[in-house]
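A.B. asks: For the sequence shown, full-length UniProt numbering gives the first residue as 1, with consecutive numbering after it.
Glycine included, C-beta positions come from ideal geometry on N, C-alpha and C.
Right, I'll just put the structure down here and ask away after.
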Amino acid sequence: MSFIKKFRKSRMGASSEKDPSASGIHEISSPTGVKHNLHINIDMVTGDLILSETWKKLLKSADIS
1 MSFIKKFRKS
11 RMGASSEKDP
21 SASGIHEISS
31 PTGVKHNLHI
41 NIDMVTGDLI
51 LSETWKKLLK
61 SADIS
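Here it is as structure tokens:
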């Protein structure tokens with residue numbers, strides 16, 4: 001049996017197990033170090049979007065109203 005076939009066989013056997021903990025991954029975490037630099041708020045009375053000046057300029061430059 002060639003090296004490639006042996007390698008594939010050993011990899012397939014390890015990854016085809018039904019137990020998710022067999023892969024060594026137990027949980028995927030949330031992103032870390034996230035910064036929200038731009039925000040959009042909603043006026044709860046009118047339903048209008050309240051945009052920062054940065055967003056207003058961005059939308060205007062993209063010709064989006």
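According to DSSP, I50 sits in a beta bridge with which residue or residues?
C.D. replies: Numbered from its first residue, the sequence shown carries residue 50 at position 50. The partner list for I50 (beta bridge, DSSP) reads N41.
A.B. asks: Less than 8 Å between the beta carbons of I42 and L51, yes or no?
C.D. replies: On the sequence shown, residue 42 is found 42 positions in, with the first residue counted as 1. On the sequence shown, residue 51 is found 51 positions in, with the first residue counted as 1. No, the pair does not count as a contact, with Cβ atoms beyond the cut-off.
A.B. asks: Give me, in chain order, the residues of the same chain whose beta-carbon lies closer than 7 Å to that of T54; leave out the 5 immediate sequence neighbours on both sides.
C.D. replies: The residue you call residue 54 lines up with position 54 of the sequence shown. Excluding positions up to five away in sequence, the list reads L38.
A.B. asks: Find the nearest neighbour of D48 within the set K57, L58 and S65, judged by alpha-carbon distance.
C.D. replies: Here the question's residue 48 lines up with position 48 in the sequence shown. The shortest C-alpha separation from D48 is found at S65.
A.B. asks: Measuring only the C-alpha atoms, how far is I25 from T46?
C.D. replies: The sequence position of residue 25 within the sequence shown is 25, counting from 1. The sequence position of residue 46 within the sequence shown is 46, counting from 1. Roughly 47 Å separates the two Cα atoms.
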